[in-house]
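Here the structure is laid out as structure tokens; the discussion comes afterwards.
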Amino acid sequence: MMHAPQTMHDLGFRHLVVLSLVVLAAASGCTRGKYYLQADREVSTLLAEKSCDPRWAIPASYNVRQDERSRFYDTYNQVFPPMPPDDPTSHRYMHCIDGKWGFPRWHINGDRTTLDNPAWRARIHEVVDVSDSGAIVLDERSAVRLAYVNSIDWQDQLETLYLSALDTTTERFRFDVQFYGGNDTTYRNRGPLNPLGAATSWTTATGLEARRYFATAGEAVVGLLNSVVWQFAGPDQYANVSILNFNLVQPLLRNAGRSIALETLTIAERALLANLRRLQFYRQGFYLQVVFGGNSPPGLQRRGGFAGGTGFAGFSGTGIGGFGNIGGVFFGGNGVGLNTAGGGTGGAGFAGGGAGNVGGFYGLLQTRQQIRNAEQNLASQERALALLDANLEAGLVGIDQVDQLRQSVETSRAGLLQAKTSLVNQFESFKVRTLNLPSDTAMVLDESFIKRFQFISPEMQLLQNDIGDFLGVYSFGAAEPLKETEDPRQDPLRDDPEALELVPPALEGQPAPLPPPLGGEAGDAELLEEQVAPQTEEIRDQLSRTLVAAALDNLDALRERVEQQAADVRTDLQQVPDEAAARLAGLRADRTRNV
Numbered sequence: 000m001m002h003a004p005q006t007m008h009d010l011g012f013r014h015l016v017v018l019s020l021v022v023l024a025a026a027s028g029c030t031r032g033k034y035y036l037q038a039d040r041e042v043s044t045l046l047a048e049k050s051c052d053p054r055w056a057i058p059a060s061y062n063v064r065q066d067e068r069s070r071f072y073d074t075y076n077q078v079f080p081p082m083p084p085d086d087p088t089s090h091r092y093m094h095c096i097d098g099k100w101g102f103p104r105w106h107i108n109g110d111r112t113t114l115d116n117p118a119w120r121a122r123i124h125e126v127v128d129v130s131d132s133g134a135i136v137l138d139e140r141s142a143v144r145l146a147y148v149n150s151i152d153w154q155d156q157l158e159t160l161y162l163s164a165l166d167t168t169t170e171r172f173r174f175d176v177q178f179y180g181g182n183d184t185t186y187r188n189r190g191p192l193n194p195l196g197a198a199t200s201w202t203t204a205t206g207l208e209a210r211r212y213f214a215t216a217g218e219a220v221v222g223l224l225n226s227v228v229w230q231f232a233g234p235d236q237y238a239n240v241s242i243l244n245f246n247l248v249q250p251l252l253r254n255a256g257r258s259i260a261l262e263t264l265t266i267a268e269r270a271l272l273a274n275l276r277r278l279q280f281y282r283q284g285f286y287l288q289v290v291f292g293g294n295s296p297p298g299l300q301r302r303g304g305f306a307g308g309t310g311f312a313g314f315s316g317t318g319i320g321g322f323g324n325i326g327g328v329f330f331g332g333n334g335v336g337l338n339t340a341g342g343g344t345g346g347a348g349f350a351g352g353g354a355g356n357v358g359g360f361y362g363l364l365q366t367r368q369q370i371r372n373a374e375q376n377l378a379s380q381e382r383a384l385a386l387l388d389a390n391l392e393a394g395l396v397g398i399d400q401v402d403q404l405r406q407s408v409e410t411s412r413a414g415l416l417q418a419k420t421s422l423v424n425q426f427e428s429f430k431v432r433t434l435n436l437p438s439d440t441a442m443v444l445d446e447s448f449i450k451r452f453q454f455i456s457p458e459m460q461l462l463q464n465d466i467g468d469f470l471g472v473y474s475f476g477a478a479e480p481l482k483e484t485e486d487p488r489q490d491p492l493r494d495d496p497e498a499l500e501l502v503p504p505a506l507e508g509q510p511a512p513l514p515p516p517l518g519g520e521a522g523d524a525e526l527l528e529e530q531v532a533p534q535t536e537e538i539r540d541q542l543s544r545t546l547v548a549a550a551l552d553n554l555d556a557l558r559e560r561v562e563q564q565a566a567d568v569r570t571d572l573q574q575v576p577d578e579a580a581a582r583l584a585g586l587r588a589d590r591t592r593n594v
């Protein structure tokens, strides 16, 4: 279609206004933040649609963004993120390389100083209970909550589900009406020295196109092309040409039919539903992993993405494994984040026997109880060794029996130290690898769960040890409780009864003064006896009074503790019938329901 020439000023101004409005509308609508929110809305709609069964419904608390209380929560703007920390030497190449200036706006959004959330420690009390000293009280509930808030693997599954939903929206978009547009503007100038004369032309061509892909593999295309030409040579000329075209293609043999056209969409839809179901299995395995140290559960999988196929074909994300495996870059997990296996000590139980050890939180409790049992066993052996040493002095047993028990005591002591070291390593591994917390995070283990399995309570064991110490001090006069006596074969004082009488037992406080030295000349035996005997008798009297007073004080303290422990035991025994009756009632109710 040809139009008559119009006023150049009016036409140019009109087209410039229309073009400016189109550019402004496109700039205001196609922003990064708009796509950010649109993707969230589409994913939420898809997940709600697929949660048609409560067995695999999406959790009510699902959110692909990290929890604000998490250690890995990003506090910065997600649409315009600041520059992360970089190696200073390598960072110079981003600004100047091979003598050429680089992109000048790398730091336009600012710089960040840390990779983790600087406020996560201050908000940890919102997630778990904290003791008065500021340590995390670690029990089953707090361990699971910390793992959900900070786990890299759990966040990886949420992001993989998000990308799986985006794969589905991408395939659905292929069947929507899609609009395309473009503009090509050309300016030409021919100077006056040209044989054809001076001429100036300005041409702008704008094309719009709408495409629709059908479920039968057909495709419809509607296009509009508008070309405007201004010619400034001699008499000014203006021409406007518009072309409207329509094209419909329907394959009949190759790549035809719904089985071909809908295949990729079917794969994406089925993969999203499978990931929703797999997420429920992962949650169960994740709980077992944190609480009992089970193996890492199988994670979610995508059919689209960087591996090709459906959805985001060619999308590689920001990590080794794409956005769904973002942890791989920072934590070396081959695209799957940290290996968070709870891990126990394995084997056939403590000291080579008994039940096998578990991992996770209950593995820590199990190891702690095994250490307490070993401590009780060692304390019993040490008390038996003290009694056996006394029997050795009395000539009732042989030295070989004492040496054999002493060797057993040292073996138990070495095993106890090794078990304590193993518990520290196990606790650090659980803290860092399973809960993803720094190793310097203060924690205290809540042992209320294993108290019901302690046949001898820690308080009773401590009381028993104190009674043994009291008996050892009162019977043998040892300066330290349960201190092993010296071997008689290596004690020179044991061979001289008179020398033994001159060595008083240990006294608390300052020792009694020694007898004054004799004169320059050696006195006879009678003079020595007259000077030494009174002081020796006084020392013995002072020693007896001190030992008796200390024994009475210790005995009173022990009696009070025994009475308190007996009261606690009676209270526990009174609760046993009520608990037994409640359990029997529950069993009867279960049997009635089963019948």
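For what it's worth, numbering that gives the first Met the number 0 labels the leading residue of the sequence shown as 0, then goes sequentially. Quick reminder that beta carbons are idealized off the backbone N, C-alpha and C, glycines included. What you are looking at is a predicted structure, and each value in this text was computed from that prediction instead of being measured.
- In this chain, the alpha helix (DSSP H) harbouring S379 covers 359–392.
- Q425 sits away from Y281, with the two beta carbons spaced by 7 Å or more.
- The beta carbon of V176 lies closer than 8 Å to those of A209, R210, R211 in the same chain, with the five residues before and after it left out.
- In the DSSP assignment, V63 falls outside any alpha helix (DSSP H) and carries neither an H nor an E.
- If you keep only unbroken beta strand (DSSP E) runs of at least 3 residues inside the segment 70–101, you get nothing at all.
- Counting only residues of its own chain and dropping the five nearest sequence neighbours on each side, G180 has a CB closer than 8 Å to the CB of T205, G206, L207, E208.
- Under the three-state reduction of DSSP, G397 is assigned to coil, being neither helix nor strand.
- In the DSSP assignment, R187 is bridged to S200.
- T440 carries a coil assignment under DSSP once its states are collapsed to helix, strand and coil.
- Relative to D445, the option among L364, S456, R412 whose CA is nearest is L364.
- When only Cα atoms are considered, R122 and R140 end up about 17 Å apart.
- Residue pairing for I135: DSSP places it in a beta bridge opposite V129, M442.
- N246 carries a strand assignment under DSSP once its states are collapsed to helix, strand and coil.
- Between N108 and the set I96, R91, T30, P80, the nearest pair of CA atoms involves P80.
- Restricting attention to S411, N239, R560, S43, the CA atom closest to the CA of M459 is found in R560.
- D571 carries a helical assignment under DSSP once its states are collapsed to helix, strand and coil.
- Excluding the 5 residues flanking it on each side, A255 has same chain C-beta neighbours closer than 7 Å at A216, in chain order.
- Within the DSSP secondary-structure output, Q177 pairs in a beta bridge with R210.
- The three-state secondary structure of G414, taken from DSSP, is helix.
- Residue Q564 holds the alpha-carbon nearest to the alpha-carbon of L462 among Q573, Q564, T545, S428.
- Secondary structure at D52: coil, using DSSP grouped into helix, strand and coil.
- Taking a cut-off of 8 Å on C-beta distances, the segment 76–96 does not touch the segment 130–148, as fewer than three cross pairs fall below it.
- In the DSSP assignment, A219 falls within the unbroken beta strand (DSSP E) covering 218–231.
- Under the three-state reduction of DSSP output, Q154 falls in the helix class.
- Spatial neighbours of V240 in its own chain (CB-CB distance under 6 Å, excluding positions within 5 residues in sequence) are listed in chain order as S226.
- When only Cα atoms are considered, L243 and V221 end up about 8 Å apart.
- Remark: C-beta atoms of A56 and T167 do not approach each other more closely than 7 Å.
- Taking every protein chain shown into account, the CB of D577 has fewer than 16 other CB atoms within 10 angstroms, so this residue is exposed.
- In the structure shown, S163 falls within a helical segment according to DSSP collapsed to helix, strand and coil.
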